[in-house]
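Quick note on numbering: the sequence shown equals residues -35 to -1, 1 to 419 in mature numbering (1 follows the signal peptide of the UniProt record, and there is no 0). Each residue gets a CB set at the ideal place from its N, CA and C atoms; glycine is no exception. Note sheet for the following structure.
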Amino acid sequence: MEPGSESQPPSLLLLLPPLLLPLLLLAGPATLASAHYGSQRAQEDWWAYKEVVQGNFIPGPAFWGLVNSAWSLCSVGKKQSPVNIETSRMIFDPFLLPLRVNTGGRMVSGTMYNTGRHMTLRLDKDHLVNISGGPIVYGNRLEEIRLHFGSKDGQGSEHMLNGQAFAGEVQLIHYNHELYTNVSDAARNPAGLTIVTIFMKVSETTNRFLDRLLNRDTITRIAYKNDAYLLQGLSVEELYPDTSSYITYEGSMTTPPCYETVTWIVMNKPVYITHLQMHSLRLLSQNLPSQIFLSMNDNFRPTQTLSSRCVRTNINFNFSGRDCPNKKPQKLKYRGPSQVAPAKTPRSLDATVVGLLPADGPPAPVMALVAVHRAPAPGTRSALPGRRGLGTLFFVVVVVPVAPCCPNIGFISSSRFCLRAQEFCSVVRPPVQNWAPLTSWLQPGRLFLFMEGG
């Protein structure tokens, strides 16, 4: 059941003294659910973007982590999304490749849904769209396209750029189909999801893909909750803006249970929709036709603290060319100890942390046992000197802090081979001072790219 269901009894929470509400929340989800919904409402479905809906208390973003123990990351997680992207904190990573969208040269079909919280397009399983490149280690498959939008043009996007929100945000939700069988399984596990997000701006022009979704003949068919409509002959490539530039960071789902398993990719250009199309979005109801109209707008989670996470980009701010192709490797212009630019890498291999090795403590380095899962192709250099055609390799790397922006990240094993984390700041080589154990960040099962350098 969704917010606004006609079977909901009047809220008891609003009759309680204000000081008792925090105590009731702390009493646990079972107490709170029984106070409002009884046993008929599924706890997993009990959340909203607005705290009060039609006079009933529905847990909004500030309460998600309190009403269900399985959602605790929504309150205590350290890698939550969305975030406010500050361009002054972005770091140029010359090894970020362009994104590649593969549809097999075919149009796709999908079903549009009004879920009561979002307008979504779920793709037909017979028409697969895969994405690769960029910061993505494994193949990812497009599962769903979701729209967030506001009640006015100055708000609606989940992410912000230098404190500025946009009228809306399109999120293309992909799951790691190499490691996991479905999106639900992937969402709960490391490197499970990749979400490409594109800001929406109101203009006199429109995006061809969004025009198929938002024209009057289509959007009026999903005006109310639980409405669905089949669309055919869609080209996902038309949704992407005309740019190869993007920003990426590691974060979480923006809805409960807020699993921190998402690689976010924020495109550097927006897509455009018309004033009429935005007005049509705001006419979507989060309720059934028999209930009072309640607009779906403002369906976004507030921004979360970025903390020490890296925000990487393939935008080369130091390149002075007319077209700014972002192709030329540059040294990172961030002050850090013994910092050098990464060498060109002919090949990268998937690697996983197997475990930590004993260390003497500060100032000794942290030692990690790492397994490389994919051997180099025949005739290429192996991950270990003098070895060719190996299967899984095990070796030891030294972990050291790198730069103030990301004090938890930095990997070296020798002057020839280095390990690069997905949350990349820079690569360093000895000598390095102020070595510190990083066991709180370097956990078994974390995924990396093993970069074979010269």
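Q. Is Met165 near Gly119, with beta carbons less than 8 Å apart?
A. Taking the sequence shown and counting its residues from 1, the one referred to as residue 165 is at position 200. Taking the sequence shown and counting its residues from 1, the one referred to as residue 119 is at position 154. Cβ distance not < 8 Å, so Met165 and Gly119 don't count as in contact.
Q | Gly70 - containing alpha helix (DSSP H), residue span | A | Taking the first residue of the sequence shown as 1, we reach residue 70 at position 105. Per DSSP, Gly70 belongs to no alpha helix (DSSP H) and is neither H nor E.
Q.
For Asn95 and Leu204, I'd like the C-alpha separation in whole angstroms.
A. The residue labelled residue 95 in the question sits at position 130 within the sequence shown. The residue labelled residue 204 in the question sits at position 239 within the sequence shown. C-alpha separation (whole angstroms): 14 Å.
**Q.** Proximity of Leu107 and Leu88 at Cβ, strictly below 8 Å
**A.** In the sequence shown, counting from the first residue as 1, residue 107 sits at position 142. In the sequence shown, counting from the first residue as 1, residue 88 sits at position 123. Against a cut-off of 8 Å, the Cβ pair of Leu88 and Leu107 comes out as a contact.
Q | Option in Ser273, Ala193, Ile184, Thr220 with minimal Cα separation from Met243 | A | Stepping through the sequence shown from its first residue, residue 243 is reached at position 278. Closest by alpha carbon: Ile184.
Q: Tell me where the beta strand (DSSP E) around Gln242 begins and ends.
A: Within the sequence shown, residue 242 is the residue found at index 277, counting from 1. Note, Gln242: premise wrong, no beta strand (DSSP E); alpha helix (DSSP H) at 240 to 247.
Q) Quick one: what's got a C-beta closer than 8 Å to residue 460's C-beta in the same chain, skipping five residues either side? A) The shown model of the chain, from -35 to 419, leaves out residue 460, and the question about it has no answer.
Q: Indicate whether the contact test is met: 3 or more Cβ pairs, each with one atom in the region 41 to 59 and one in the region 223 to 233, closer than 8 Å.
A: Short answer: they touch.
(Q) For Val148, which residues in the same chain have their Cβ closer than 6 Å to its Cβ, ignoring the five residues on either side in sequence? (A) Residue 148 sits at position 183 when you count from the first residue of the sequence shown. Cβ neighbours of Val148 beyond the five flanking positions: Glu108, Tyr140.
Q: Label Asp58 either buried or exposed according to how many other C-beta atoms from any shown protein chain fall within 10 Å of its C-beta, with 16 as the threshold for buried.
A: Within the sequence shown, residue 58 is the residue found at index 93, counting from 1. Burial call: buried.
Q) Which runs of the beta strand (DSSP E), 3 residues or longer, sit entirely within the region 162 to 210? A) 193 to 199
(Q) Could you tell me the alpha carbon to alpha carbon distance between Phe60 and Ile187, rounded to whole angstroms? (A) Taking the sequence shown and counting its residues from 1, the one referred to as residue 60 is at position 95. Taking the sequence shown and counting its residues from 1, the one referred to as residue 187 is at position 222. For Phe60 and Ile187, the gap between their C-alpha atoms comes out near 42 Å.
**Q.** Where Thr268 sits in the DSSP three-state scheme
**A.** Taking the sequence shown and counting its residues from 1, the one referred to as residue 268 is at position 303. Coil.
Q: Kindly identify the DSSP beta-bridge partner or partners of Asn233.
A: Translated into the one-based positions of the sequence shown, residue 233 becomes position 268. Asn233 pairs with nothing; no bridge assigned.
Q. Alpha carbon to alpha carbon, what distance is there between Ser97 and Glu143?
A. Position 178 of the sequence shown holds residue 143. Position 132 of the sequence shown holds residue 97. Distance between the alpha carbons of Glu143 and Ser97 is about 12 Å.
**Q.** Backbone secondary structure at Thr278 - three-state DSSP
**A.** Taking the sequence shown and counting its residues from 1, the one referred to as residue 278 is at position 313. Three-state DSSP puts Thr278 in a strand.
Q: Taking only the alpha-carbon atoms, compute the straight-line gap between Leu241 and Leu62 and give it to the nearest angstrom.
A: Within the sequence shown, the letter at position 276 stands for residue 241. Within the sequence shown, the letter at position 97 stands for residue 62. Approximately 37 Å between the Cα atoms of the pair.
Q | Rounded straight-line distance, which links the Cα of Thr159 to that of Ala151 | A | Position 186 of the sequence shown, counting from 1, holds the residue named residue 151. Position 194 of the sequence shown, counting from 1, holds the residue named residue 159. Their backbone Cα atoms lie some 10 Å apart in a straight line.
Q) Excluding sequence positions up to five away, which residues of its chain have a Cβ less than 6 Å from the Cβ of Pro206? A) Residue mapping note: residue 206 aligns to position 241 of the sequence shown, counting from 1. Met232, Lys234, Val236, listed in sequence order.
Q: Have a look at the DSSP bridge pairing and note the partners of Arg111.
A: Against the sequence shown, residue 111 aligns to sequence position 146. Answer is Thr85, Gln136, bridged to Arg111.
Q) Since Ser40 is in the alpha helix (DSSP H), which residue starts that stretch and which ends it? A) What you label residue 40 is simply residue 75 of the sequence shown in a count that begins at 1. For Ser40, the enclosing alpha helix (DSSP H) begins and ends at 38 to 41.
Q: Would you identify the three-state DSSP class for Val227, choosing helix, strand or coil?
A: Residue mapping note: residue 227 aligns to position 262 of the sequence shown, counting from 1. Val227 falls in the strand class under three-state DSSP.
Q | Residues of its chain near Met55, where Cβ-Cβ distance is below 6 Å and the 5 sequence neighbours each way are ignored | A | Start at 1 with the first residue of the sequence shown, and residue 55 comes out as number 90. The answer, listed in chain order, is Val276, Thr278.
(Q) Rounded to the nearest angstrom, what separates Ala340 and Thr268 at their Cα positions? (A) Taking the sequence shown and counting its residues from 1, one reaches residue 340 at position 375. Taking the sequence shown and counting its residues from 1, one reaches residue 268 at position 303. Because Ala340 sits at a pLDDT of 42, beneath the cut-off of 50, its placement in the model cannot be relied upon, and the following sentence gives the value as read from the coordinates. The alpha-carbon atoms of Ala340 and Thr268 are separated by roughly 41 Å.
Q) In whole angstroms, what is the alpha-carbon distance linking Ile230 and Gly128? A) On the sequence shown, residue 230 is found 265 positions in, with the first residue counted as 1. On the sequence shown, residue 128 is found 163 positions in, with the first residue counted as 1. Straight-line Cα distance between these residues: approximately 18 Å.
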